[in-house]
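Residue numbers (my numbering): 2 to 236.
Written out as structure tokens, the structure is:
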């Protein structure tokens with residue numbers, strides 16, 4: 002009986018030493034700075050740029066987004082337990098296998114009580130092909146492949162406004178614009194037709210909190226304009 006117990010003990014010790022550990026516990030955990038949640042829209046990148054449109058063209062497609070108040074992990078791990086959807090993670094170990102460079106292992110008490118973490122680089126992107134690593138227990142150093150790349154933490158956004166502004170041409174000294182539905186229907190539904198005078202076009206006019214500043218119109222009926230989202234902080 003003693004011999005069997007001794008053999009099992011030796012076997013468990015061998016198993017525990019089967020994985021080489023490259024992790025070192027940090028004296029002070031790295032507390033993560035959560036990404037600030039800000040409103041943003043799809044036209045932010047076009048703000049104040051000189052644009053053009055012909056009759057029938059869309060001046061822009063507006064999608065407004067409001068980020069969630071919570072940061073989440075939506076990746077599925079190969080281990081038995083899933084990552085907690087919303088939890089507090091911190092850098093608790095440093096990892097360096099001689100080739101990887103210095104990486105940080107982020108853990109949370111809500112995932113295997115902090116004994117398994119994920120390797121992230123300075124940009125909090127998933128590092129190496131096997132980023133899951135066990136940092137405590139008999140199998141310290143064991144690693145798992147993760148079928149994901151890029152940012153580990155994400156902030157989901159809700160699209161609460163989706164529409165486009167289409168140019169309907171120039172007639173009787175009026176510029177014609179159509180608000181087109183892009184969110185609630187697969188069809189191109191015209192929600193509203195707006196007529197803008199020459200003076201309004203030149204001075205700038207606002208449609209659904211988007212400022213459109215008309216610059217000129219050429220002989221072929223192509224209008225030049227600039228746009229900016231009134232709700233955006235970068236406007």
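C-beta: ideal position from N, C-alpha, C; glycine also. Keep in mind it's a predicted model, so treat the numbers as computed, not measured.
Per DSSP, reduced to three states, the secondary structure at residue 113 is helical. Cβ atoms of residue 147 and residue 134 stay farther apart than 8 Å, at about 10 Å. The DSSP assignment places complete beta strand (DSSP E) segments of no fewer than 3 residues inside the region 127–166 at 133–135, in order along the chain. In chain order, 65, 66, 67 place their CB closer than 8 Å to the CB of residue 161, counting only its own chain and leaving out the 5 sequence neighbours on each side. The three-state secondary structure of residue 41, taken from DSSP, is strand. In the displayed model, residue 227 falls within a strand according to three-state DSSP.
Its chain contains 177, 178, 179, 180, 208 as the residues whose beta carbon lies nearer than 8 Å to that of residue 195, once the 5 sequence neighbours on both sides are disregarded; these appear in chain order.
Taking residue 150 as reference, the option from 138, 128, 167, 205 with the minimal CA-CA separation is 128. Beta-bridge analysis with DSSP links residue 49 to no other residue. Within its own chain, the residues whose Cβ lies closer than 8 Å to the Cβ of residue 24, once the five positions on either side in sequence are excluded, are 94, 95, 96, 106, 134, 136, 141, 142, listed in chain order. Going by beta carbons, residue 55 and residue 222 fall inside the 8 Å limit. Around the beta carbon of residue 69, fewer than 16 other beta carbons sit within 10 angstroms, so the residue counts as exposed. Going by DSSP, residue 65 is part of the beta strand (DSSP E) stretching over 59–68. For the 8 Å CB-CB criterion, residue 91 and residue 233 do not form a contact.
By the CB criterion at 8 Å, residue 74 and residue 202 fall outside the cutoff.
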